[in-house]
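Asker: Protein chains in written order, with this note's numbering: chain A, 193 to 547; chain B, 193 to 547.
In this text, a Cβ means the ideal position worked out from N, Cα and C, and glycines have one as well.
If you scroll down you'll find the structure; I have some questions about it.
Protein chains: 2
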Amino acid sequence: MKLDLSLPAGELTASLVDVESVSGTEQRLADAIADAISDLPYLSMHRDGNAIVARTNFGRPERVVLAGHIDTVPVADNLPSSVDGGLLYGCGSCDMKSGVAVQLRLAAQLAGAARDITYVFYDCEEVEAERNGLLRLSRNSPELLAADFAILLEPTGGLVEGGCQGTLRADIIATGERAHSARSWLGSNAIHNAGGILDVLRAYQARQPVVEGLPFHEGLNAVGIGGGVAGNVIPDECTVSVNFRFAPDRSVEQAAQHVREVFAGFDVRIADSAGGARPGLSQPAAVSFVAAMGGEPRAKLGWTDVARFDALGIPAVNHGPGDPQLAHTRNEHVPLAQIADCEARMLAWLSPAGA
Amino acid sequence: MKLDLSLPAGELTASLVDVESVSGTEQRLADAIADAISDLPYLSMHRDGNAIVARTNFGRPERVVLAGHIDTVPVADNLPSSVDGGLLYGCGSCDMKSGVAVQLRLAAQLAGAARDITYVFYDCEEVEAERNGLLRLSRNSPELLAADFAILLEPTGGLVEGGCQGTLRADIIATGERAHSARSWLGSNAIHNAGGILDVLRAYQARQPVVEGLPFHEGLNAVGIGGGVAGNVIPDECTVSVNFRFAPDRSVEQAAQHVREVFAGFDVRIADSAGGARPGLSQPAAVSFVAAMGGEPRAKLGWTDVARFDALGIPAVNHGPGDPQLAHTRNEHVPLAQIADCEARMLAWLSPAGA
């Protein structure tokens with residue numbers, strides 16, 4: 193199949209949606225993108241599995257990354273795509289083939305630009321972090337990702353969402369002493385003792401700090417609980433799994449320390465974590481981008497791959513068509529006008545006239 | 193194999209222990225018991241699967257049941273039996289082949305007695321109630337179990353334990369509303385809400401009522417808890433499984449009503465229940481039995497098959513050799529002297545001279 197990059201962005205999005213690309217099965221779509229990119233002589237292309245990096249070499253002093261993942265969550269009886277009332281429906285329409293379509297439209301049109309541009313298309317964003325194509329690229333070829341600023345075209349409803357919160361998971365363990373439930377007073381009930389953990393969670397006051405001008409909103413929540421030995425046994429262990437979403441003014445280490453302090457007296461085991469990203473909106477490229485996009489930037493509360501750019505020392509924001517609340521829903525859709533509008537604004541910002 | 197009922201009760205116990213009879217595999221032991229019973233002309237025998245009922249027909253105005261289960265929990269590297277320092281070790285030594293040995297010794301010696309006697313040997317007591325051999329007998333042949341008084345030779349350390357507490361299991365369900373954990377304030381956390389259930393459990397004051405002269409001790413405990421959808425989702429349901437052990441002055445219905453009242457405001461689903469048994473120690477046969485056994489009777493706090501006799505309208509007590517705390521342990525054992533002592537006291541009570 194051949195992608196037609198001369199189509200309006202909405203129609204191009206539909207073409208992309210109709211190439212099913214659930215995480216791990218992106219090859220056909222990656223092939224099509226690589227084929228289309230290879231027709232653009234001003235782009236040098238690198239491929240790593242189903243991830244593709246295409247770079248301009250305009251000799252500009254500043255370089256920006258435009259990045260998007262090409263995989264989707266599993267299809268939910270929502271393929272092929274369809275259009276109704278100016279809305280494009282289908283798996284990946286919102287998250288984030290509309291953003292990928294904008295990348296491809298920009299690549300096709302910007303034979304010259306105010307800034308050098310690195311287009312990144314990557315696989316396996318919707319699954320466990322170790323399979324993430326952007327992580328793989330950052331390990332195998334970090335030099336290809338080098339830039340002054342990065343824009344991740346994840347759905348933000350057309351707003352600029354700066355940075356992202358970090359996430360940390362920990363198991364908080366309450367202990368007790370086993371006994372037969374007919375003589376419960378001979379033991380100590382670990383599930384009852386876990387009430388102390390839930391007390392902490394219920395009383396927890398989440399911070400809402402302003403970081404580099406953007407208001408974040410933390411949260412500390414139980415996401416799992418388990419305990420029990422048998423129907424006639426007083427249990428000796430109960431585990432509460434908590435998820436701490438923390439603002440980017442805390443490091444992962446500080447977040448872990450905070451969780452340990454909050455649950456002082458309980459056994460705290462950190463399971464996994466991923467740092468957040470500061471908004472970085474005071475960087476010159478970011479200032480110019482925000483001004484060009486219009487609207488008031490807001491904080492990204494969910495963790496996204498902007499944190500990977502942050503870890504590489506590259507300020508990054510999220511900005512793309514589509515309502516983020518619709519991501520991963522069966523009813524996923526995106527307004528066609530919002531895709532065109534995103535393309536137009538970014539084109540204006542990147543074209544030579546915008547320099 | 194042939195059981196030798198002329199052996200001292202301790203040695204006979206060892207013979208029984210050495211015939212492995214984990215629940216469901218009692219046939220060889222049941223065959224041996226049936227064979228031994230068939231040699232005793234004053235007993236009429238009935239067999240139902242691996243349960244055996246052997247009845248005297250002495251024409252006495254009063255009839256007592258002596259009952260014991262012949263199955264054991266799974267072997268825990270504790271067969272064959274061994275003797276050390278006057279203690280008999282081995283799977284089932286305490287729970288309750290020493291009691292079964294006493295039954296068989298009495299059967300062999302009591303060619304006449306002060307009361308008619310119904311010996312019941314049954315299978316599958318250590319597994320789910322539906323497989324219980326005494327339940328099967330009570331459904332198939334209730335007339336064979338008819339009596340004025342029943343003694344279950346479960347381990348009680350040689351004391352008389354009257355009645356038993358009932359048990360009820362219920363699931364108490366806390367609900368909430370799902371949300372992404374990055375925006376937890378958009379949902380309602382069911383695990384946090386389950387803190388209210390644990391509050392109730394932690395504050396619960398268990399009754400210790402005296403029923404027919406015996407002090408019971410209730411208990412309401414979580415025996416399981418579960419909740420959670422995924423590591424990044426605010427869960428919408430959390431279930432706490434509770435076990436209510438209740439004194440026999442409450443019926444099953446009253447116990448269920450109590451649990452519903454205690455957890456008012458939560459969804460309460462009764463999972464299963466089994467009523468307790470009143471001690472019945474004021475019955476003439478019980479008064480005589482307690483006096484003959486000596487010692488101060490106490491309440492049975494664990495649920496036992498005395499409740500099945502209670503349901504048939506037959507007062508019942510637990511009385512047998514062995515420490516109940518050792519039941520189901522790898523280290524299970526019973527003092528040989530306690531077996532002999534139990535046999536001697538019961539023989540004295542049942543023999544014609546004791547009438």
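1. Take the Cβ of residue 355 of chain B as the centre, count every other Cβ of all protein chains shown within 10 Å, and call the residue buried at 16 or more, exposed below.
2. If residue 242 of chain A and residue 325 of chain A are in contact, beta carbons under 8 angstroms, what's the gap, nearest whole angstrom?
3. Out of B:264, B:259, B:370 and B:276, which has the shortest C-alpha to C-alpha gap to residue 339 of chain B?
4. Looking only at its chain, what residues have a beta carbon closer than 7 angstroms to the beta carbon of residue 392 of chain B, apart from the 5 residues adjacent to it on each side?
5. Keeping to the same chain, check which residues put their C-beta closer than 6 angstroms to that of residue 199 of chain B; ignore five residues upstream and five downstream.
6. Are there 16 or more other CB atoms within 10 angstroms of the CB of residue 248 of chain B, so buried, or fewer, so exposed?
7. Quick check on the DSSP output: the alpha helix (DSSP H) that includes residue 385 of chain A runs from which residue to which?
8. If you draw a straight line from the alpha carbon of residue 282 of chain A to that of residue 530 of chain A, how long is it in whole angstroms?
9. So, at 6 angstroms on beta carbons, what are the nonlocal neighbours of residue 361 of chain A in its own chain, with the 5 sequence-adjacent residues on each side left out?
10. For residue 280 of chain B, which beta-bridge partners are listed by DSSP?
11. Between the segment 459–487 of chain A and chain B, which residues of the former have CB atoms less than 8 angstroms from a CB of the latter, in chain order?
12. Please list the segments of the beta strand (DSSP E) lying wholly inside the segment 435–493 of chain B, counting only runs of 3 or more residues, in order along the chain.
13. Identify, in the order they occur along the chain, each residue of the same chain with its Cβ nearer than 6 angstroms to the Cβ of residue 547 of chain B, setting aside the five sequence neighbours on each side.
14. So which residues of chain B does residue 391 of chain A contact, with C-beta pairs closer than 7 angstroms?
15. So if DSSP puts residue 237 of chain A in a beta bridge, which residue, or which two residues, is it bridged to?
16. Verify whether the separation of the beta carbon atoms of residue 231 of chain A and residue 315 of chain A is less than 8 angstroms.
17. Within its chain, find whatever has a CB closer than 6 angstroms to the CB of residue 471 of chain A; leave out the 5 residues flanking it on each side and keep chain order.
18. At the 8 angstroms Cβ level, is residue 376 of chain A part of the contact set with chain B, yes or no?
19. Determine which residues of the segment 422–438 of chain A have a Cβ less than 8 angstroms from any Cβ of chain B, and write them out in chain order.
20. Would you mind working out which of A:344, A:214, A:535 and A:331 sits nearest residue 319 of chain A, comparing C-alpha positions?
21. Considering only DSSP beta bridges, list what residue 407 of chain B is partnered with.
22. In chain B, which residues lie less than 7 angstroms from residue 493 of chain A when you measure between Cβ atoms?
23. Taking Cβ positions only, does residue 365 of chain B come closer than 8 angstroms to chain A?
24. Taking only the alpha-carbon atoms, compute the straight-line gap between residue 246 of chain A and residue 508 of chain A and give it to the nearest angstrom.
25. Of the residues that make up the segment 346–360 of chain A, which ones have a beta carbon closer than 7 angstroms to any beta carbon in chain B?
26. Show which residues of chain A have a CB atom less than 8 angstroms away from the CB atom of residue 500 of chain B.
27. Less than 8 angstroms between the C-beta atoms of residue 197 of chain B and residue 300 of chain B, yes or no?
28. According to DSSP, which residues form a beta bridge with residue 433 of chain A?
29. Three-state secondary structure (DSSP) at residue 508 of chain A?
30. What is the DSSP secondary structure of residue 210 of chain B, reduced to helix, strand or coil?
31. Taking only beta-carbon atoms, is residue 394 of chain A less than 8 angstroms away from chain B?
32. Whose CA, out of A:218, A:397 and A:517, lies closest to the CA of residue 313 of chain A?
33. Taking residue 461 of chain B as the reference, give the member of B:447, B:468 and B:512 with the closest Cα.
34. Using the beta-carbon count (16 or more within 10 Å), is residue 236 of chain B buried or exposed?
35. How long is the line joining the alpha carbons of residue 278 of chain B and residue 425 of chain A, rounded to whole angstroms?
36. Output needed in chain order: residues of the segment 239–268 of chain A with a Cβ under 8 angstroms from some Cβ in chain B.
Answerer: This is what the structure gives:
1. buried
2. 7 angstroms
3. B:259
4. 454 and 455
5. none
6. buried
7. 382–385
8. 16 angstroms
9. 435, 463 and 464
10. B:275 and B:526
11. none
12. 459–466
13. Any reading at residue 547 of chain B must be qualified, since the residue scores a pLDDT of 42, below 50, and its modelled position is unreliable; no value is offered.
14. 387
15. A:246
16. no
17. 354, 355, 404 and 406
18. yes
19. 422, 423, 424, 425, 426, 427, 430, 432, 433, 435 and 437
20. A:214
21. B:402
22. 374 and 375
23. no
24. 18 angstroms
25. 357
26. Here the premise fails: no neighbours, minimum Cβ distance about 17 angstroms.
27. yes
28. A:363 and A:416
29. strand
30. coil
31. yes
32. A:218
33. B:447
34. exposed
35. 31 angstroms
36. none
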